[in-house]
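J.:
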Amino acid sequence: PESADLRALSRQLCLSYHRHFPLTKSKAKAILSGKTHGNSPFVIHDMKSLTAGQYFINCRQLPVLEHQRSILPPEEPAEELELSVFRRIQFRSAEAVQEVTEFTKSIPGFTELDMNDQVILLKYGVIEVMTTMLAPLMNKDGTLFAYGQIFMTREFLKSLRKPFCEMMELKFEFAAKFNLLELDDSDMALFFAVIILSGDRPGLVNVKPIEDLQETVLQALELQLKTIHPDCPQLFAKLLQKMTDLRQLVANHVRLIHLLKKQELQMCLHPLLQEIMRDLY
Amino acid sequence: LTERHKILHRLLQDSSPAEG
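Taken in sequence, the protein lines are chains A and B. Each step along the first sequence adds one to the number in the working numbering, with nothing skipped, and position 108 is 108. Each step along the second sequence adds one to the number in the working numbering, with nothing skipped, and position 1 is 1.
Rendered as structure tokens:
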């Protein structure tokens with residue numbers, strides 16, 4: 001494709017990214033650096049602040065479609081702290097899956113792919129995209145949550161009992177390295193599309209059109225990185241290497257969730273997340 | 001596969017709220 005076509009594709013994906021993801025990297029950066037003119041996030045650092053912060057967790061959610069409303073886990077007021085935190089994180093994750101799905105459908109050519117292949121690409125790609133999306137929301141001390149209204153400290157997450165305390169630590173380590181690449185929101189949009197369009201996911205029927213789509217997005221990403229980050233010629237290669245780390249990270253996460261399902265009898269896994277993680281790794 | 005992934009399948013088939 002001509003570079004004008006590649007730039008048009010970049011613009012299209014960037015617009016879709018801003019349309020579907022409420023907390024962008026630039027917004028998160030402003031919140032984390034205290035440049036939001038008095039609207040600081042509510043800090044959750046212990047059980048007392050968690051109880052007080054529940055209002056913020058629940059007060060802004062994307063519109064939920066009727067058929068999705070019926071699958072939301074019920075509120076359980078007397079549940080244990082760890083299960084309560086885990087349920088809230090799951091709920092937000094299920095919303096994020098819907099956002100990533102809408103973004104995915106906007107990738108030119110995606111909806112023309114075989115329907116089974118679309119399901120496989122989304123199933124394998126969505127947690128990798130969500131993990132990457134989490135990176136800009138994190139710094140060494142904690143992570144933004146609930147559209148940036150909450151900052152949950154890393155120490156609080158580490159203080160939860162095993163195995164809950166292990167759920168976020170690897171993601172903080174990934175985020176610290178990923179954030180060094182200093183991508184902007186438009187780079188992230190293209191990178192998400194590259195992740196989704198991975199032609200080596202197990203069970204794909206018609207790989208060629210997926211690889212062709214990915215090749216075009218890769219060209220657009222390479223062109224954009226060279227244009228926006230001319231002082232970092234290795235950025236494209238460094239970013240592609242992150243895809244290997246992401247797969248490892250997601251495989252670990254899924255193993256941990258399967259372990260939780262066996263050990264925590266009271267734990268209720270969100271049906272959408274359950275569907276994604278079933279037979280994943 | 002779509003049978004075992006009913007919710008994902010439905011999300012993929014739903015028209016995007018942003019696009020009406």
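Think of the CB as a built atom: it goes at the ideal place given N, C-alpha and C, for glycine as much as any other residue.
(1) Determine the chain B residues that contact A:Asn116 at a beta-carbon separation under 8 angstroms, and present them in chain order.
(2) Sorted by chain position, which residues of the same chain lie with C-beta nearer than 6 angstroms to A:Asn139's C-beta, five sequence neighbours on each side aside?
(3) Using the beta-carbon of each residue, which ones in chain B are nearer than 7 angstroms to A:Leu122?
(4) From this set, A:Tyr17, A:Met277 and A:Leu81, which residue's C-alpha is nearest A:Gln266's C-alpha?
(5) Assign A:Val100 to one of two classes, buried (16 or more other C-beta atoms within 10 Å of its C-beta) or exposed (fewer than that).
(6) Using a Cβ-Cβ distance under 7 angstroms, would A:Glu275 count as near chain B?
(7) With DSSP as the reference, label A:Val310 as helix, strand or coil.
(8) Are the segment 97-114 of chain A and the segment 10-21 of chain A touching, with three or more C-beta to C-beta distances below 8 angstroms?
(9) If you check the beta carbons only, do A:Glu95 and B:Ile7 fall under 7 angstroms apart?
(10) So for A:Asn179, helix, strand or coil by DSSP?
(11) Along the chain, where does the alpha helix (DSSP H) that runs through A:Gly125 open and close?
(12) The ligand SAM and A:Met152: does any heavy atom of the ligand fall closer than 6 angstroms to the residue's C-beta?
(13) What is the rounded straight-line gap between the Cα of A:Leu72 and the Cα of A:His270?
(14) Within 10 angstroms of the Cβ of A:Ala193, are there 16 or more other Cβ atoms? Answer buried if so, exposed if not.
(15) What are the boundary residues of the beta strand (DSSP E) that includes A:Thr104?
(16) How many Å lie between A:His67 and A:Leu273 at the Cα?
(17) By the criterion of Cβ-Cβ separation under 8 angstroms, what are the contact partners of A:Thr101 in chain B?
(18) Can you tell me which of the three DSSP states A:Asn206 falls into?
(19) Say whether chain B places a C-beta atom closer than 7 angstroms to the C-beta of A:Leu113.
(20) Counting contacts by CB-CB distance shorter than 7 angstroms, is A:Leu81 in contact with chain E?
T.: Straight from the coordinates:
(1) Taking the first sequence and counting its residues from 1, the one referred to as residue 116 of chain A is at position 116. Within 8 angstroms Cβ-Cβ: Leu1 and Thr2.
(2) For the purposes of this step, residue 139 of chain A is taken as the residue at position 139 of the first sequence. Only Leu32 meet the Cβ criterion.
(3) To locate residue 122 of chain A, count along the first sequence from 1; it is residue 122. Ordered by position in chain B, the residues that pass the 7 angstroms Cβ test against A:Leu122 are Leu8 and Leu12.
(4) Residue 266 of chain A sits at position 266 when you count from the first residue of the first sequence. Closest option to A:Gln266, Cα to Cα, is A:Leu81.
(5) Residue 100 of chain A sits at position 100 when you count from the first residue of the first sequence. Counting Cβ neighbours within 10 Å, A:Val100 comes out buried, since at least 16 surround it.
(6) Position 275 of the first sequence holds residue 275 of chain A. By this cut-off, A:Glu275 is an interface position.
(7) The structure shown has nothing for residue 310 of chain A, since chain A only spans 1 to 281.
(8) yes
(9) One-based indexing of the first sequence puts residue 95 of chain A at position 95. One-based indexing of the second sequence puts residue 7 of chain B at position 7. Not in contact: A:Glu95 and B:Ile7 (Cβ atoms no closer than 7 angstroms).
(10) Within the first sequence, residue 179 of chain A is the residue found at index 179, counting from 1. Reduced to three states, the DSSP call for A:Asn179 is helix.
(11) By one-based count along the first sequence, residue 125 of chain A stands at place 125. Here the alpha helix (DSSP H) through A:Gly125 covers Met115 to Leu134.
(12) The model on display carries no ligand, and the ligand SAM is accordingly not part of it.
(13) Locating residue 72 of chain A in the first sequence gives position 72, where the first residue counts as 1. Locating residue 270 of chain A in the first sequence gives position 270, where the first residue counts as 1. Because A:Leu72 carries a pLDDT of 43, less than 50, the predicted location of this residue cannot be relied on, and the following value inherits that uncertainty. When rounded, the distance between both Cα atoms is 7 angstroms.
(14) Reading the first sequence from its first residue, position 193 is the one you call residue 193 of chain A. Buried, since its Cβ has 16 or more Cβ neighbours within 10 Å.
(15) One-based indexing of the first sequence puts residue 104 of chain A at position 104. That residue, A:Thr104, is in no beta strand (DSSP E); its alpha helix (DSSP H) goes Leu81 to Lys105.
(16) If you number the first sequence from 1, residue 67 of chain A lands on position 67. If you number the first sequence from 1, residue 273 of chain A lands on position 273. Caution is warranted here: a pLDDT of 42 is assigned to A:His67, below 50, making its placement in the model unreliable, and the coordinate value is therefore given only provisionally. Their backbone Cα atoms lie some 15 angstroms apart in a straight line.
(17) Working through the first sequence from its first residue, we reach residue 101 of chain A at position 101. Per Cβ cutoff of 8 angstroms: Leu8, Leu11 and Leu12.
(18) Here the question's residue 206 of chain A lines up with position 206 in the first sequence. Look at A:Asn206 here: in three-state DSSP terms it is coil, with no helix or strand label.
(19) Counting from 1 along the first sequence, the entry for residue 113 of chain A is found at position 113. So, not an interface residue.
(20) Protein chains in the displayed structure are A and B, and chain E is not among them.
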